[in-house]
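Below is one structure; the comments refer to it alone.
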Amino acid sequence: MQTVLPLLAALCGYLIGSLSFAVIISRVMGLSDPRSYGSGNPGATNVLRSGNKVAAILTLVFDALKGYLPVLAVLIWGP
Numbered sequence: 582m583q584t585v586l587p588l589l590a591a592l593c594g595y596l597i598g599s600l601s602f603a604v605i606i607s608r609v610m611g612l613s614d615p616r617s618y619g620s621g622n623p624g625a626t627n628v629l630r631s632g633n634k635v636a637a638i639l640t641l642v643f644d645a646l647k648g649y650l651p652v653l654a655v656l657i658w659g660p
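Under the numbering used here, the first residue of the sequence shown is numbered 582, with each subsequent residue one higher.
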């Protein structure tokens, strides 16, 4: 059981990190794919280049939470 939890945590971290909130939010809000303009990187800056500040702020917040929540979970439930 002791080796299962770290492996499960690594898998969850990988899956959470693979989410591209710039692409998800752009699709939900009906914007063009942020990888198709600007630097080509999916991120808040390219979403902002689409002209939608709300989508850019949401992308920034969700990308920040994507890094913050796993760390918080380890601090709460970790060793």
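Using N, Cα and C, we set each Cβ at its ideal position, and we do this for glycine too.
None of these values were measured; they are calculated from a predicted model.
Q) With C-beta atoms as the reference, is S631 less than 7 Å away from L612? A) Cβ atoms of S631 and L612: closer than 7 Å.
Q) Whole alpha helix (DSSP H) runs in the region 582-644 with 4 or more residues, listed along the chain? A) 585-598, 602-609, 625-630
Q) Under 7 Å between the Cβ atoms of K647 and I605? A) no
Q. Quick one: what does DSSP say G659 is sitting in, helix, strand or coil?
A. coil
(Q) Which residue wins for smallest C-alpha separation from A625, given the options A637, P660, D614? (A) A637
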